[in-house]
Amino acid sequence: HGGHAQEILQRVLPGGRLLGLDVDPLELPRTKERLRSLGYGPEQFSVWRSNFAGLPQVLARADLAGADVILADLGVSSMQLDNPARGFSIKQDGPLDMRMNPARGQGAAAWLQKIEPAKLARLFQENADEPRAELLATALAGKVFLTTLSLASAIRAALPRLPNEETELSVRRVFQALRIAVNEEFSALETFLRHLPSCLNPGGRVAILTFHSGEDRRVKKSFAARLEAQLFSEIAREVIRPGAAERNANPRSISAKLRWARRAA
Ligand SMILES: C[S@@+](CC[C@H](N)C(=O)[O-])C[C@H]1O[C@@H](n2cnc3c(N)ncnc32)[C@H](O)[C@@H]1O
11 HGGHAQEILQ RVLPGGRLLG LDVDPLELPR TKERLRSLGY GPEQFSVWRS
61 NFAGLPQVLA RADLAGADVI LADLGVSSMQ LDNPARGFSI KQDGPLDMRM
111 NPARGQGAAA WLQKIEPAKL ARLFQENADE PRAELLATAL AGKVFLTTLS
161 LASAIRAALP RLPNEETELS VRRVFQALRI AVNEEFSALE TFLRHLPSCL
211 NPGGRVAILT FHSGEDRRVK KSFAARLEAQ LFSEIAREVI RPGAAERNAN
261 PRSISAKLRW ARRAA
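Quick note on this note's numbering: the sequence shown kicks off at 11 and runs consecutively.
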């Protein structure tokens, strides 16, 4: 709950302020409460229930022309993943939902029931690089899976005999692909990337933490294009990855990649 926010606040205070954006109406109040209990008042830390794609509107409502630093930490949080009621978990059963904002759109079960196999196969490939995309899409599209574990069992049953590790990787990839689709994560990321230069103050910096190749490809491509257009003066040459100590302490950081860029002055 707001681990990055806490670290950033320690560095920008006194004098700075931090705006925290998240689409999740369930976890956001908990983060707000935690940071308030640490003594950060609304002038120092404000929370905004917003998609990252809506950053320009949030800045305007906060009366800010731009930010000096933007950090985007993409994907799902441990709090979301570990709460079976949210429908992201392959370990504990729960309704097959996967919405970061359960008040908007339709959950994964309804979504899967309506989709055509060819479209689902494309999504498995694009959103998760799934090698058995067509086979899995044929087995899953149009079917009714009300719970996370019933979907996980159907994925395992659809695959040919494979080493257990391979099978479990496919289960994770299918869940990832569905989550990205249900939450329209790529279009949100693309809109956010498009708005970035105008949301940064001159000389301001952005860092984006991604968790899989579909996200990283988009960030890399967008930063390179902005550098070429001289909207950014500098971008990360290489991704920054967690070191051994961080990977041991926090295994979910293993797939994280960070890229940064600086807006031209
Ligand atoms: C990896 S977690 C970040 C955790 C946070 N850095 C912390 O320290 O507590 C990603 C968060 O981003 C949110 N999120 C993902 N995509 C989003 C988007 N397009 N717009 C707004 N929030 C998003 C999720 O709801 C989730 O809470």
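All C-beta atoms, glycine included, are put in the ideal place defined by N, C-alpha and C.
Within the stretch 191-252, complete alpha helix (DSSP H) segments of at least 4 residues are found at 195-209 and 223-238, given in chain order.
Straight through space, the alpha carbons of L203 and Q67 are spaced by roughly 15 Å.
When the Cα atoms are used, I190 and E126 turn out to be separated by approximately 17 Å.
The residue among R96, W121, L199 and A234 with its C-alpha nearest the C-alpha of L84 is L199. Looking at the DSSP output, I80 shares a beta bridge with V216. Between A128 and the set L150, G117 and M108, the nearest pair of CA atoms involves L150.
In the DSSP assignment, F55 falls within the beta strand (DSSP E) that extends over F55 to R59. Ligand 1 approaches L219 closely enough that one of its heavy atoms is under 8 Å from the residue's Cβ. A straight line joining the alpha-carbon of K267 with that of I218 spans about 8 Å.
Contiguous alpha helix (DSSP H) elements confined to the stretch 99-178 occur at 118-124, 127-138, 143-150 and 158-168, taking only those with 4 or more residues. Our two residues, R227 and A138, have alpha carbons roughly 12 Å apart in a direct line. A Cβ-Cβ separation of about 5 Å places V184 in contact with I165 under the 8 Å criterion. Going by DSSP, A271 is part of no alpha helix (DSSP H) but of the beta strand (DSSP E) stretching over K267 to R273. Here L36 carries a coil assignment [DSSP, helix/strand/coil]. Membership of N258 in the alpha helix (DSSP H) is indicated by the continuous run A254 to A259.
Judged by beta-carbon spacing, T158 lies beyond the 9 Å limit of D78, meaning their Cβ atoms are not closer than that value. Leaving aside the five residues that flank L48 on each side, the residues in its chain whose CB is nearer than 8 Å to its CB run, in chain order, Q16. Our two residues, D107 and A275, have alpha carbons roughly 44 Å apart in a direct line. Not one heavy atom of ligand 1 falls within 8 Å of the beta-carbon of V229. Under the 8 Å Cβ criterion, the stretch 87-101 does not count as touching the stretch 231-247, having fewer than three qualifying pairs. In this structure, the beta-carbon distance from I250 to R269 falls below 9 Å. Shown here, L31 sits in a strand according to DSSP, grouped into three states. Around the CB of G115, fewer than 16 other CB atoms lie within 10 Å, so the residue is classed as exposed.
CA-CA distance, A82 to V216, rounds to 8 Å. Counting along the chain, the unbroken alpha helix (DSSP H) around P66 starts and ends at L65 to R71.
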